[in-house]
Each structure stands twice: as structure tokens, then as C-alpha cells.
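Residue numbers (the numbering used here), protein chains in the order written: chain A, 1 to 450; chain B, 1 to 285; chain C, 1 to 266; chain D, 1 to 386. Working notes for the structure below.
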Amino acid sequence: MEEKKKKRSSAKTLQTAREAGYFGKKMLANTRMAVDEGRPVAWAMVEWWLGATIAKAMGVELVFPENYGAFCAASRTAEPNLDYSESDGFPSTLCGYARNCLGYARKLKENNFVIPAESTGGGMPKPDFLLACGAACDARYKWFQALGRYMDVPVWLLEFPQTGSKEYFLPGNKEENISYMVEELRAFVSFLEDLLGRKMNWDGLEERLDILFKTHELAYKVDLMRRTVPSPAVCTDFWALMIPHLYLPDDLEALAFYQRVYDEVKYKVDNKIGAIPNEKYRMMFSELPPWHTLGFFDEVAERHGVAFVFESWNYHVPPPLLEDEKKGITDPLELIARYSYHKFHHAAPAAKEYEIDPILFTAPYLEYVRDYQVDGLMFHPLMSCRPATYTLMHVRNLMLERFKVPSLVIEGDIVDLRVFNEEEALAKFDAFIETMDYHRELRKKEGLHW
Amino acid sequence: MFFAGLDVGSTMTKIVIRKDSGDYLSIIKPTGAEHRRFVDKVMTEALYKAKLSFEQIDYIVATGYGRVNVPFADTQLSEITCHMKGVNWLYPSVRTIIDIGGQDSKGIKVKNGKTNSFVMNDKCAAGTGRFLEVMAELLGMKLEEIGEMALRSGNPVAISKMCTVFARQEVLLRLSDGAALEDILAGLHQALAARIFSMVSKIGIEREVVLTGGGAKNAGLVKFLEERLGFSVQKPDEPLLTGALGASLAAQEIAQKAVADGAMPKQKNHTLTPASFFEEMPSVN
Amino acid sequence: MIYYAGLDVGSLLAKAVIMDDDGILAYSVRSIDGNFRQAARQVMVEALDKCGLLSETLNVVGATGLGAAFVNDPAVRNTEISCQARGIHYLLPQVRTLIEIGDQSARVIKLTEKGMVADCVVNDKCAMGSGSVLQTIAKVLGINVTDMGELSLQSANPVRFSAGCSVFAETEAISRIAENARIEDIVAGLHQAMAFKIGSIAQKIKIESDVAVTGGGACNPGLVKMLEKTIGNKLFLPREPMFSGAIGAVLMALEKVRMEKLCCSN
Amino acid sequence: MQKSSGLERASYIYTNRLQVARELKMQGEKFGGYLCCYVPVEMLSAAGYVPFRIIGDMNEPITNADAYLPSVMCPFYRSCLDLGLKGKYDFLDGLVSPHACDAAERVGLVWRSYFKYPFTFYLDIPHTVHASALVFFKQQLAHLRKGLEEYTGLKITDNDLKKQIKLFNRQRELVRQLYHLRKVEPPPVSGTEVLQLAVSLMGLPVQEGNLLAEEVIKEVKTRKMKPSKMKGRVLVWGCLIDNTAITSLIEDCGLEVVMDDTAIGSRTFGHDVELTEDPLDGLALRYLEKIVCPRTFRETGKNRANDLENRFSYLRKIVKDWHIDGIYMNLIRNCDIHGYEVPEVRYFFEEIGMPVLVIEQDYSTAALAPLRTRFQAFAESIEANR
Ligand SMILES: Nc1ncnc2c1ncn2[C@@H]1O[C@H](COP(=O)(O)OP(=O)(O)O)[C@@H](O)[C@H]1O
Ligand SMILES: Nc1ncnc2c1ncn2[C@@H]1O[C@H](COP(=O)(O)OP(=O)(O)O)[C@@H](O)[C@H]1O
Ligand code: SF4
Ligand code: SF4
Ligand code: SF4
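Given below as C-alpha cells:
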């Protein structure tokens, strides 16, 4: 048990995935360098490219405390931060990333905003503002608001409207949503201009968007290639590869890197090289992983030939915007709004077809299980993140009813390794293999193609 | 005037009888299942020891888990208030009290001699003294011994299960694997210390920290808690007594205030069922 | 003749069965008493004695349970969940949901018509709902665990337990005794509290009929009745509810051995 | 039942609210279920529905919902869905669920994936009070109005809406009167009684509710109060308390609940809807901007002091006007909205010298008993500090 706990990170099957960690460190280093050079820095929530690109076009360096939380968890240094935030009165049920960040911020403050020497990855420097977001979860703005306790910096909340599967199709609703987002982005630009005392660089923004779309196109193609049997890449690869497309998509280095990812995956597909030697079961993982124990996935691959062929809807890039939707748009802010909105609602037609809600965290799975020929889902209900957990039971019911795809539920947490019981999880996995066998037959009987 | 404080805990019943001069005397007995009748017995014993009659006691305050079962008490107060008063009297500089009892564990923040805030765990045995009781019983050891023994370990065995029942099983497995007793004990104490620390942290720990309750008698637990805290803590000579002591102080305050207001201090006119078994009584310590 | 043995080395009890192709030849159960290895060895010897066999005659030995690692080789080990599923399928093939109440475990397993695991939930964080609390309370009440079921059936007015904790349930029982509550009401109350907890575990997967109970807890008719009431399904009991795991261990072991043979002969 | 006093009737309706609704339904009323205090009840009422606030039941163990929602989420909304799954809300003719918090949003959406009501609407609510947010929210309200019209086949005119706004303004005004009556010591009406009335109002046709509230006020005004033996007056802060088991427990321990900042209470009855030319303007303004709940983000302003003032200054006023001695912060486990807010709110109260008790509760009456010691200790410390 003890020895297993020590095996923290996973081996990763792609060469490029092994290199991707560079981008996480680069992001952190960039912000520290910016501070040294007197350039503005912000902490941002993942807001699906809504405001980050804009801020960067204004010369702001960004770092993402969510990513930092995962980083601390993976290097098993989050626990003291968690304790430190709890001891300031934050309930232990709050998001693990948030508690890690709040604990870190408290330390930073107590150290007069000099990054404490022992900080993981060199640490995040004090920001000039906080970029919060109204998408997906309440933590995304409440957490940054709560940071006011430690740092006297403005918080900007970027709104992200969210629609039900029926309401999405109400006449006018979508366009109203978009124009609301555009208005909010305009207000954000003014906020930045006021704060930084300089004008928006619109050309720079368009250039960045261009790079972003190119990086994302590659990332999307990689996703499509993963439908191949045997799967050329698995979840542990993806969780490393996502750093460039999620956090630095408008960075030329990231674009070049993604070209290499594409080439590597393409080579494996063309030569029918599977990520794991003996792929017997294709599984999908939902939603946020146990960063502290990714070695678990190597273990099940080895034991049972399980390849996790797809995972974590919310970290993926959406399918590219339809040309129709892009046509005639000259305002880069509108393009951004449409793209981010699309990220959250691209599965609306599927949701409508099956009459299910919500669109986010639920409807995309309807497509994935079919397209990726999934034998089973592994759900990871988190002790500390509700938004990515709320719909798991619901999705589990849906997948079983509609597609005869069973799920395995293993409780844990993104950051807090105290609640993940690896031994128990492996035992459940053993039993689940049978469950998948059985449902394969059921699907055959029902005429489902995989 | 004489005042009495009774702390009817889940495992121990403690009584303090004090004079207005500040002198006091105490007695501690296991609570036993039938605390209603038993309390009368312990009270009789305490009175006997103090050479007082029941009528001579001016005011009685009961506290603790079984406080509602003290028919002859004039007032009942929560154990939080009483522990705070007792500890604050003994250590005027106290800011944080950590009390580890058999039924619950709690943290109390003290400011100007008053309760500022507190936290409590009484839902899951895993964070209370009960956890160690269960383990001592399992290992066939005395509660008094396990703490010392844990201190002898150079290589604590990590106990991964939170739940008391599962942890008990884990201990058995570790024993079968051949792990050393002291290493297992150290692991158990560390686990408990971690849980208590994380609970008390919620109210913000400030020095001085005073440890009370049965848990404070366990040298191993004290040390592991100190390790977590990063500094040393105070503990009273008799850590079980602070609740009863505080109750007796509260009794004094209430009675003296009543007298100052020109009222009769006694609200109720209860009687004590006299216990007729002095000969059974163990010698008074 | 070909003989097989199955061992389920639980946390409290070790159980053994001896089978041949026609069915079960002998059962045996004994307490672990803190020594898994010895209990596993002994229980096997006892079972073999009962049908007059020697351990050399065994062709296949299957093992499961918390202490499976302590069973002497050669043995084929499998997890409890799969073994319980196979075992109950062998005993009662129509069962689709199995509730297993062991000393440390409360599990709900859904089965396919072939006896494979279709789904399962386990109490892996908190012991409330599993059987160990019964021993503790029996000791406090001065009664035998084996009598608790019958006793509780006589209660019309179960005591309400407020603690959701196995350990604190003991304290509560003590207080109730002090308040002169009737023993049968206390026991029934305890069964009720356990049944609630198991019910809430079971709710996580939609229960399908037929439902069976196994494990030591199934030997307790009082608990079984409360459980029936809580989940609103009729519960079926195999003839020897404690041995489903051991039987499953044999069956799983046979599957594995046959698979291997098949592979080799090809 | 008709003859009994207003308070008795409120208590009866509180206890039997589902049954009362069923009886009304037999008499021809239609019921529009809604979650949280962010749904404009005026709109439902104008469409001919009795707006019916869906709440949970702390006495009922959550069982059926376990198959649909994970156990780490807000137990209040788990309980709501559980009751729904058990058929307790089967008299509802529709469901409007708002984007109030994550839990409200997801539960509303999961709910309608399983129960196909004739009419459902998911009402998105912006997180900010920017001007563009008001415009957007008004558009959302227009969709709701149109949806209701299409479904019922009836037109909802501006005048219909204005009429309802007046009626509900009256209701809110009445409840606020009751709140004001509690400013004196001893308060003539207990926290438990006010809660009973509040919950009753959320399930009655508005006019009937107004009559009930009027009666209650008349009765309370004529009450003769003996000097209270209570140890202190508390303000309850938190998402909501919808069960008198909690208020009674607090009151039993010697504390008077005289004011609340919760969603079944002052957040629901706190502000009127302005009668604007276009009634949707007034509705948007009240429901988005005027309701003060931590789910809505307020601009941080110049600095932290400014931020805290923006967010919490109303609490200081409550403390002063209602002569508050202590604050009970009622945190429902797993609540993010309130959980992130706890340290700052606590800090704010402590700065103004208020003792604070924070309890993370599980939304179950079975789990209340152990809390008694905490409330007693809190009452004792308030008394000592008073
Ligand atoms: N002599 C001792 N040595 C070590 N631990 C002790 C000793 N006495 C009591 N304890 C611990 O203290 C706990 C009981 O503490 P106590 O404060 O008496 O609780 P309560 O107030 O609930 O009766 C026991 O569970 C045990 O862990
Ligand atoms: N004859 C019996 N009557 C009632 N209960 C029993 C009986 N035998 C065992 N039990 C209960 O069953 C539990 C042990 O079950 P078992 O399935 O053997 O567990 P494990 O496999 O973990 O050892 C004990 O906790 C005990 O309470
Ligand atoms: S989605 Fe979950 S993990 Fe991510 S920020 Fe929100 S609460 Fe935290
Ligand atoms: S986890 Fe264990 S100790 Fe805690 S409540 Fe459950 S049974 Fe009791
Ligand atoms: S307690 Fe929190 S999560 Fe639950 S309804 Fe209230 S605001 Fe939402």
C-alpha cells in the first residue's frame, strides 16, 4: 500500500505527452518574469478562452490557480495549503483547487507577497487582478471573491450564460446570449484599459485568435484520431497534453508543439500502434482525475488491458465553429463569444434529440460513448468539487439505459489524496471487468454497433 | 459558602466541591451505565470526603454529556462553557483549548475569559478519545500504557483507514504482517492527532494552547499533537477535571450574583438519595 | 473423482466449502481469533474431515476475503465482489441484486443472469451498516449474537438510534439500558439503524428483483426483516447464507483454471 | 380550520402544505412549482398558477435521490428531488428552475429529465448586476412570459403583471411588518412562528396568503408579552431554514430568533417590485439586483474595505435595528455559495463585536440532537458577553 502510494505519476505513452509538462512550468515562469520586468500579471480561472486571450493581447501574463492546484496535487504538496485554508475558516468541503489556492494566498500574504521559497513549481506571484468567470461552477467566482481576504486586488467576473436544452432552441435566445457575452467582453476590455492605462491592441488580439484556432484545430484532430481502435493515446497522455491547448493556445510554441503531437498520434494510428500493448476494453473517464494517483491508470492498463480512450469533457476543445456561424463576423470579441458559447453548447442538438438536460457535463457523453466505442465509464465523484460531480449519477443512468454502457464509481478527490483508496478501487475494477463483458453482449443483442 | 460542579462525561464522572475562598476538592469515578443513580452515589462520596452535608452546598451546576441526568443540580451548563471557565481559571493566558473526551473532541477559542468560538466533533468516533479506547481494548492493553508505548516507535506504520471500525481491522492485518506494536500504536496516535488538529484549526489556533480531557493524559497523543502544532502545549495536572472545576466556578458566580441581587441562590430544592454503601467505596485518593 | 475447495477468509470468520462436480460435500466455519493463517488452515482441515478427504485430493483451491493472502498456496485468489456474485448465482440463480452483510462490509451487488457483476456499491468509508456492531452490542447487552435476530422480532417499539456511527451506537445502547429500555427494543432499534444505512447504500444502484441477502448478517432474521421493510422488497435467503463467498471462490477458481487449460491445449 | 386564529392556521398550513395544495387543486387551482427565491412568482401567478415553492423535508431520510444525485452535494436540493421522486410533488403542473446556485441549476435540469411536466422553464440568471446583465435578464423573463402564454394559450398583459406585482408587494410588505414588530424586546412573535407563516405563504394563492398574513399581524399586535427569560437575540444568516425543528431548537436553548438573512425569509420578502412602465423592468431589477444573496457578484470597488462594505453593510444595519446579540451562521453542508463567504462574513460580524456560531448542518432532523450542546454553549457565551 505504502509503496503504491509512492508511485505517483503515470508513465504516459506519448513522447510529446512526456514533454508537455514544460508548458505548465513555462506559464508559471512567465508570470514571475513579468513581475520582475514590471509587466501586469493576473490569476485566471479556466473560462474556456473567453477572456484569457483578450488579457494576453493587452500584455497581461496569466497563471491558472486550478492548474496550480493540480500541479501541487500531483507533486503531493497540496496538503499543507489545504490545512492552511481550512484553519482560516473555509469549509473542508470546498473545491480542492480553491483550498489549495486560498492556503497558498494566505502564505503569500504572510510572507509580504514574496513567494515562499519552498513553493511548488516556483510559485505564483501576486497578481494585479483576478479574472473570475460565471461558467460551469460557483467556485469560479466565489473563490476569487474570497481571495479578497488576502489580497487587495480587483476581481473581474466574466459572465457566461448557460442554457437548458429546450431553451437553447427558443427563437432569439442564442443570439441574445451571444450579444450579452459580447457586451460583457466589451466591458472587460474597458476594465483592462482603465486598470492598465493603455489601449487594447486589436491587431494583436486577432493574431492571437488565429493561433488559438490553429492550435485547437490540431487538438480536435487528435481527439478524432483517438476514435481509432486500438487507441493511440490514453487519458494520462491527454491530461498532460491539455496544458498547451487549455492555457496557452495562442502561443506559437504551443502551436508548434501541437503539430508534433498530431504527427506522433497520426503515426501511431497509421501503423496501428495502440497506446497500451493489449487493448481489451475501451473506457472513458469522467470528469476530473485524481492528480495525486495517476499511476492507477497504468495499473489497470497492465492488469486488464483497459485503455482510457476519452475523458474529461470540459478540458477538450470543441468541434470547430461552422463556417456559417463565422461568416461576416468582424468583431474579434464576437468571434470569441461565439466560440466559447459553442464549447458549452455544442451538444445541444444531441441533448434535444434525447430530451435530456443539462447540456454541459451530460449531453456530450451521448456522442462520445458511440464515437469512441466505449465499453464502460469510470466516474470519479469528488469529495470537494460538486459541479463536476452533480451529474455523474445522472449520466450513469442515461448511459446504461440508452446505450447499455455500464459505469464504475470510485470516490476520490482531485487534490485530497486522503480520500482515495487505491486498494479498494483496484478491487472494484476487478469486478467491473465482468460487468463490461456482460454489457458488450447486451449491446450486441440490442444491435448497438460496438 | 460551598459550591459544587459535576461533569458527567461518557466515561468518567468528575465532581469538584469548592469554598468561596478558592480551595477545592475533587473526585473522579467511572460513569457506568446507570448514571442517574450513580451520580447520587458519587456525590455522596464527594460530600463524605469534604465532610459536608448536601444541605451545606449552596449551588450546584452540572455539565457534560450526562448533565440532564443530575436531578439535584440547580443549573445545567454546556461543557464548552465549563471547560472554558475551568481552564481559564487555571491558565489565565489560555487562548485555545483542545479537549479530547471519549464522546467528543472540541476546540474552544478563549478571549477575555469568555468563549469566543468553538468547534466540536461528536458524529464520528474516529476523531475522539474513543478511537484509542477501542484500539487499546483490541490490543489488550491499558489506556494508560498505549501512549508511552507509541512514543517508543521509530517507524510509525501509516494507518490508511479513517473509520474506527475499519482501522481496527487494519491493525489486525498489520499485526499479522508482523508490524511492531509500538509502530502501529504510533500510527494510530498520529492519525488521531491529525484529525483533531484539522478540526481545531477551523477556529484558528493561538497560543497558549491547553490540552484537557482524557486525551491529555496520553503522552503519545500529546507529543504527536505538539508535532502538528509546531509548539508545546500546557496541560493541567488533572486534565479530566477542568469541566467540573468550571462548573463549580459557574456555580459560585451564579450564587454570588444572586446573593448580591438579594435573592436566594438556590432555585430548586432537590434532595440527594443518600447512598448507604460507604463501606463499598474505594479509598479516597 | 475431482474435488474442489473454497475458502472465504473474512475479518471475523473463516469459511470453507468442499465441492465436487455434483455439488457441495461439506461446510465449515470458524472464528479468525486474530490469526488469519491458522484459521484458514484449520477451517479447511475441518471441512475436509467432515467429508473424509485429505488435502492432497483437492484439485483446485479458490480463496477470497480480506485474509485471502494468508491461504496457503496453491490457491486461486479472487475478489469478494465477484465471488459473492458467483456464489449466490449458484445457490439462487434468479437473484439479480445481492446484499452482502459481513463483519466489516455492507455491499450491494447487481448481477447479470449469468451471475456476473453488473454493478456494485460498497461501504468503504464508514463501517455503519456492517455486522461488527452487532458483536459489540451483544456483548454490552450480555446476549449472544446468534440470539439477536429472534429477540428483535419480539419488539413492537424499536428504540431510535441517533448516532450514525457504529462505535457510538454502543454508547447509545448503554444509555438506553440505563433508561430501562427493553433489550428487544434496543436490538430492534440497532437493526433498524443498520437497515437504514444499508438501504441508503442500496439506493445508489436501482434495486432489481429478486433480491437476496448473504454474509453473516443474513443469519440474523431480525436484521433481514428490518431490511425488507426499509427497501420494500422481499429478500431471499440461500440455505447457507454465510458460504456464498466460499462457493463463489471455488467457481471463480474453476473458471480461471479451465480458461488456462483451454489456452494451453490450443 | 376556518375559525381558528391566523397563527394557528399558518402553523396548520406549514405542517400540511402538500395536503393543502392537493385540496386546492381539487377545487380547480393549478400549481406552478419553482425553486429558490429568484423566480418571479408574479409571472406564474399572472399565468394562472399558484406559485408553489419546492422545499425539502428534514424529517424524511433521503433515499430515492441517491440514484440520481451524488451524496457530496447540497442536501437541501437532494431532499427536494427525493420528495419529487417519491411523488410528493405530483400535483404540480409545471416547473420553473432558476440558475441561482449550481445546485439549483443542476437539480432543476436533472428533475425535468425524469419528470415530463407539461410546462418547464430554465431561467438563467446572470451573476453580476452590470447594465448588460439587466438587459439580458429581462430578455430571459420575456422568454418565460412567452413560454407561459404559449402553454396556457392566454395572453399575459402588462396590466395582469402589474396587478400581480401589487398583490405580491402587499404580501412582502406584510411580512416585513411582522419583521419590524420583532425589533422590540421581548419580540411578540417567535422565529418559529414567522417561519411557519413564510412557508405557508409560498404555497397559497396570493390573495389568500395576504389575508392570512393580515390576520397574523393583527393577532401579534394584540399579544401581551411577559418579559423574556431568553439569553439573547440572534440573527440567522445562511441559505435557508425551512423547518421549525431548527428554530425551535435554537429557541429552546434560550435564544430568540428575531431576524434572518436567508432565502426563506428576508431575501424573499425583503424588497418590493417597482411599478415601472414596462413591468419586466421592475421585475428584472428586483430579482436580479435588489435581492441580496452571495450568489450575486458585486463589484469589488476600490479596495477590500470597499468590497466588504458593498457586500455586507446591510448586515450592520440589521444588527443595529433589531438589537442583535449574536449571529448564527447556518451553513448547509456542501454549499459553495455560502461556504466561500463564511470567513469574510464572520470577520465582518466579529469586527462589529458580534459573537458568531457557525454550524455546518446536514439537513436532517435526526442529526440535530447533537447540536443542542453547541446552541447552549453559544447562548451561554452570548449571555456572558451581553
Ligand atoms: N489514563 C489515561 N491515559 C490515557 N488516555 C486516557 C486516560 N484516561 C482517559 N483517557 C482517554 O480519555 C478519553 C475519555 O476522556 P474524558 O475526558 O473522561 O471523556 P468524557 O468527558 O466523555 O467522559 C478516553 O476515551 C481515553 O481515550
Ligand atoms: N449465526 C449468526 N446469527 C446472527 N448473526 C451472525 C451469525 N453468525 C455471524 N453473524 C454476524 O455476521 C457477521 C460476520 O459475517 P461474515 O460474513 O462472516 O463476515 P466476514 O466475512 O467479514 O468475516 C458478524 O458480524 C456477526 O454479527
Ligand atoms: S469545477 Fe470543481 S474543481 Fe473546478 S473550479 Fe469548480 S469546483 Fe473547483
Ligand atoms: S466512520 Fe467509523 S467511526 Fe466514523 S461514524 Fe462511521 S462507523 Fe463511526
Ligand atoms: S445551501 Fe447553497 S447549494 Fe444549497 S440551495 Fe442554498 S445556496 Fe444552493
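Glycine residues also receive a C-beta, built at the ideal position from the N, C-alpha and C atoms.
task = Report whether the distance from the Cβ of Thr146 (chain C) to the nearest heavy atom of ligand 2 is below 7 Å.
result = Within the third sequence, residue 146 (chain C) is the residue found at index 146, counting from 1. Yes, the beta carbon of Thr146 (chain C) sits closer than 7 Å to at least one heavy atom of ligand 2.
query = Could you give the residue range of the alpha helix (DSSP H) that holds Lys343 (chain A)?
reply = Taking the first residue of the first sequence as position 1, residue 343 (chain A) is located at position 343. Segment 332-345, the alpha helix (DSSP H) holding Lys343 (chain A).
ask   = Can you tell me whether DSSP reads Lys5 (chain A) as helix, strand or coil?
value = Counted from its first residue, the first sequence places residue 5 (chain A) at position 5. Low local confidence applies: a pLDDT of 43 at Lys5 (chain A) is under 50, so the model's placement there is unreliable, and no value is given.
query = For Thr63 (chain D), which residues in chain C fall below 8 Å Cβ to Cβ?
reply = In the fourth sequence, the residue the question calls residue 63 (chain D) occupies position 63. Result: Gly199, Ser200, Gln203.
query = On the three-pair Cβ rule with 8 Å, is the stretch 95-112 of chain D touching the stretch 109-116 of chain A?
reply = no
query = Which stretch, first to last residue, makes up the alpha helix (DSSP H) that contains Glu19 (chain A)?
reply = Taking the first residue of the first sequence as 1, we reach residue 19 (chain A) at position 19. Segment 15-19, the alpha helix (DSSP H) holding Glu19 (chain A).
Local conformation of Arg18 (chain B) per DSSP, three classes = By 1-based counting over the second sequence, the position of residue 18 (chain B) is 18. Reduced to three states, the DSSP call for Arg18 (chain B) is strand.
query = Does DSSP put Glu228 (chain C) in a helix, in a strand, or in coil?
reply = In the third sequence, residue 228 (chain C) corresponds to position 228, counting from 1. Helix, per DSSP.
key: Contact list for Ala118 (chain C) against chain A, beta-carbon separation under 9 Å   = On the third sequence, position 118 is the one that residue 118 (chain C) refers to. Pro406, Glu434, Thr435, Tyr438, His439, listed in chain order.
task = With 8 Å as the threshold, decide whether the Cβ of Ala100 (chain D) is near any Cβ in chain C.
result = By 1-based counting over the fourth sequence, the position of residue 100 (chain D) is 100. No, Ala100 (chain D) does not count as interfacial toward chain C.
query = With C-beta atoms as the reference, is Leu95 (chain D) less than 8 Å away from Ala284 (chain D)?
reply = For the purposes of this step, residue 95 (chain D) is identified with residue 95 of the fourth sequence, where counting begins at 1. For the purposes of this step, residue 284 (chain D) is identified with residue 284 of the fourth sequence, where counting begins at 1. No, the Cβ-Cβ distance between Leu95 (chain D) and Ala284 (chain D) is not below 8 Å.
request  = May I ask which residues mark the beginning and end of the beta strand (DSSP E) holding Trp237 (chain D)?
outcome  = On the fourth sequence, position 237 is the one that residue 237 (chain D) refers to. That run of the beta strand (DSSP E) goes 232-238.
inquiry  = Any beta carbon of chain D sitting closer than 8 Å to that of Val419 (chain A)?
reply    = For the purposes of this step, residue 419 (chain A) is taken as the residue at position 419 of the first sequence. Not closer than 8 Å to any Cβ of chain D, the Cβ of Val419 (chain A) fails to qualify, so no.
inquiry  = Once the 5 residues before and after Glu286 (chain B) are set aside, which same chain residues still bring their CB inside 8 Å of it?
reply    = Beyond the ends of chain B as shown, which are 1 and 285, falls residue 286 (chain B); an answer cannot be given.
inquiry  = What does the Cβ neighbour count give for Arg149 (chain A), buried or exposed, with the cut at 16 atoms within 10 Å?
reply    = Within the first sequence, numbered from 1, the residue matching residue 149 (chain A) stands at position 149. The residue in question, Arg149 (chain A), is buried, as its Cβ has 16 or more Cβ neighbours within 10 Å.
query = Of all the alpha helix (DSSP H) runs that stay within the bounds of the stretch 186-224 of chain D, which reach a length of 4 or more residues?
reply = 191-201, 206-221
ask   = Does ligand 5 have even one heavy atom less than 7 Å from the beta-carbon of Phe168 (chain D)?
value = Here residue 168 (chain D) is taken as the residue at index 168 of the fourth sequence, counted from 1. Every heavy atom of ligand 5 is 7 Å or more from the Cβ of Phe168 (chain D), so no.
query = Helix, strand or coil: which one does DSSP assign to Phe121 (chain D)?
reply = What you label residue 121 (chain D) is simply residue 121 of the fourth sequence in a count that begins at 1. Residue state, collapsed to three classes: strand.
inquiry  = Less than 8 Å between the beta carbons of Val129 (chain D) and Thr247 (chain D), yes or no?
reply    = To locate residue 129 (chain D), count along the fourth sequence from 1; it is residue 129. To locate residue 247 (chain D), count along the fourth sequence from 1; it is residue 247. In this structure, Thr247 (chain D) does not lie closer than 8 Å to Val129 (chain D) by Cβ.
message = Distance check for Gln84 (chain C) and Ala246 (chain C), CA to CA, integer angstroms please.
response = On the third sequence, residue 246 (chain C) is found 246 positions in, with the first residue counted as 1. On the third sequence, residue 84 (chain C) is found 84 positions in, with the first residue counted as 1. For Ala246 (chain C) and Gln84 (chain C), the distance between alpha carbons rounds to 8 Å.
key: Sheet register partners of Val110 (chain D) (DSSP bridge)   = Locating residue 110 (chain D) in the fourth sequence gives position 110, where the first residue counts as 1. Val110 (chain D) is not bridged to any residue.
inquiry  = Does any residue of chain A have a CB that is nearer than 8 Å to the CB of Ser153 (chain B)?
reply    = Against the second sequence, residue 153 (chain B) aligns to sequence position 153. With 8 Å as the cut-off, Ser153 (chain B) does not count as an interface residue toward chain A.
ask   = Listed in chain order, which residues of the stretch 38-70 of chain D have Cβ atoms closer than 7 Å to some Cβ of chain C?
value = Pro61, Thr63, Asn64, Asp66, Ala67
Interface flag, Ser201 (chain B) vs chain A, CB-CB below 8 Å = Along the second sequence, read from residue 1 onward, the residue named residue 201 (chain B) stands at position 201. Yes, because at least one Cβ of chain A sits closer than 8 Å to the Cβ of Ser201 (chain B).
request  = Quick one: using the 10 Å Cβ neighbour count with 16 as the cut-off for buried, is Glu353 (chain A) buried or exposed?
outcome  = Within the first sequence, numbered from 1, the residue matching residue 353 (chain A) stands at position 353. Burial call: exposed.
Cross-strand partners of Arg32 (chain A) (DSSP beta bridge) = Along the first sequence, read from residue 1 onward, the residue named residue 32 (chain A) stands at position 32. DSSP, once it has assigned bridges, lists no residue as partnering Arg32 (chain A).
message = When you compare the CB positions of Gly376 (chain A) and Leu408 (chain A), do they come within less than 8 Å of one another, or not?
response = Within the first sequence, the letter at position 376 stands for residue 376 (chain A). Within the first sequence, the letter at position 408 stands for residue 408 (chain A). Yes. Within cutoff.
ask   = Helix, strand or coil: which one does DSSP assign to His449 (chain A)?
value = Taking the first sequence and counting its residues from 1, one reaches residue 449 (chain A) at position 449. Coil, per DSSP.
ask   = Which residues in the same chain as Gly56 (chain D) place their Cβ atom closer than 6 Å to its Cβ, once the five residues preceding and following it in sequence are excluded?
value = Along the fourth sequence, read from residue 1 onward, the residue named residue 56 (chain D) stands at position 56. The answer, listed in chain order, is Phe76, Ser79, Cys80.
task = Using 10 angstroms around the beta-carbon of Glu3 (chain A), count the other beta-carbons present and answer buried if the total reaches 16, otherwise exposed.
result = On the first sequence, residue 3 (chain A) is found 3 positions in, with the first residue counted as 1. Note that Glu3 (chain A) scores a pLDDT of 40, beneath 50, so its modelled location is shaky; the value from the coordinates is reported in the next line. Glu3 (chain A) should be labelled exposed.
request  = Would you kindly report the start and end of the unbroken alpha helix (DSSP H) that includes Glu217 (chain A)?
outcome  = For the purposes of this step, residue 217 (chain A) is identified with residue 217 of the first sequence, where counting begins at 1. Note, Glu217 (chain A): alpha helix (DSSP H), 202-225.
Neighbourhood of Ile241 (chain D) by C-beta, 7 Å cutoff - its chain only, sequence neighbours within 5 removed = Here residue 241 (chain D) corresponds to residue number 241 of the fourth sequence, with the count starting at 1. Taken in chain order, the residues that qualify are Leu195, Thr247, Thr262, Ile264, Asn330.
message = Since Tyr179 (chain D) and Met259 (chain D) should fall inside the 8 Å C-beta cutoff, what is the C-beta to C-beta distance between them, to a whole number of angstroms?
response = Along the fourth sequence, read from residue 1 onward, the residue named residue 179 (chain D) stands at position 179. Along the fourth sequence, read from residue 1 onward, the residue named residue 259 (chain D) stands at position 259. Contact holds; Cβ gap of about 7 Å.
message = Excluding the 5 residues flanking Arg152 (chain B) on each side, which residues of the same chain have their C-beta closer than 6 Å to its C-beta?
response = Start at 1 with the first residue of the second sequence, and residue 152 (chain B) comes out as number 152. So the qualifying residues of the chain are Glu182.
ask   = Is Gly129 (chain C) closer than 8 Å to Ile275 (chain C) when the C-beta atoms are compared?
value = Examination of residue 275 (chain C) is not possible in this model, given that chain C is present from 1 through 266 alone.
ask   = Considering Trp143 (chain A), what are the terminal residues of the alpha helix (DSSP H) in which it resides?
value = By 1-based counting over the first sequence, the position of residue 143 (chain A) is 143. Per DSSP, Trp143 (chain A) belongs to the alpha helix (DSSP H) from 139-146.
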